[in-house]
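Just so you know, the protein sequences line up as chains A and B, in that order. Residue numbering for the first sequence follows this note's numbering, beginning at 18 and increasing consecutively. Residue numbering for the second sequence follows this note's numbering, beginning at 166 and increasing consecutively. Cβ coordinates follow ideal geometry from the N, Cα and C atoms, glycine included.
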Amino acid sequence: AQTVTQSQPEMSVQEAETVTLSCTYDTSESDYYLFWYKQPPSRQMILVIRQEAYKQQNATENRFSVNFQKAAKSFSLKISDSQLGDAAMYFCAYGGPQGAQKLVFGQGTRLTINP
Amino acid sequence: NAGVTQTPKFQVLKTGQSMTLQCAQDMNHNSMYWYRQDPGMGLRLIYYSASEGTTDKGEVPNGYNVSRLNKREFSLRLESAAPSQTSVYFCASRRDSPNYGYTFGSGTRLTVV
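Encoded structure:
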């Protein structure tokens with residue numbers, strides 16, 4: 018079974034600085050998808066960024082980018098120019114290639130932004 | 166607005182009581198899911214439905230039942246609530262294309278006393 022591990026329960030960063038959240042996963046599949054979700058205090062789950070495993074190029078969405086290392090099974094999220102609104106729980110998730118594509122989530126990292 | 170609607174948003178139950186969490190989506194998605202979120206454990210899959218008329222167990226199905234009433238609606242039932250079922254419950258749906266991830270409801274905070 019696939020597993021996802023986020024080894025940083027909490028992280029903090031100064032406003033306007035850069036922070037990187039770590040995620041590792043375990044799978045025997047060669048084709049899959051990886052996601053980062055943000056959960057602010059409102060509890061809503063918001064998709065931040067996604068990465069297809071067959072693509073070598075790292076995904077980027079504005080201030081959010083990933084470092085996808087397929088061989089190392091690592092998928093970190095970099096947030097540049099951190100803003101107060103980035104404060105939230107961040108979840109890394111793995112999705113398989115076929116079927117109902119059940120997402121497997123990591124434990125989450127709580128990110129605090131210091132003004 | 167299009168999306169996933171969950172009701173209720175909050176609920177307190179006594180041990181042994183039953184209740185049904187409702188979920189509906191208006192995006193014509195085939196796949197629907199129920200997750201529970203507990204501190205330090207992320208989201209864990211309870212049940213899912215890949216299409217109307219089908220349901221399958223996820224990682225933590227014990228104590229729950231589901232019904233895929235039609236393409237839009239996927240309900241989660243607790244027959245005899247236990248304190249261990251105190252959690253935040255999320256319903257989600259997904260398009261067949263895997264590129265778009267999930268659309269989540271706003272969650273139900275359930276407390277069993």
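The three-state reading of DSSP puts L234/B in coil, since its state is none of H, G, I, E or B. Your pair Q19/A and Y111/A checks out as a contact, with CB atoms roughly 5 Å apart and the cut at 8 Å. Between Y213/B and M197/B, the C-beta spacing is below 8 Å. Within chain A, the residues whose beta carbon sits less than 7 Å from that of R259/B are Q118, listed in sequence order. DSSP, read as helix, strand or coil, puts S271/B in coil. Counting along the chain, the unbroken beta strand (DSSP E) around E27/A starts and ends at E27 to Q31. About 5 Å separates the Cβ atoms of A70/A and Y49/A, confirming a contact at the 8 Å cut-off.
At a C-beta separation below 9 Å, M192/B has no neighbours in chain A, since its nearest C-beta there lies roughly 14 Å away. K222/B sits exposed, since fewer than 16 C-beta atoms from the chains shown fall within 10 Å of its C-beta. Rounded to the nearest angstrom, the gap between the Cα atoms of L120/A and S240/B is 19 Å. Remark: C-beta atoms of V277/B and A246/B approach each other more closely than 8 Å.
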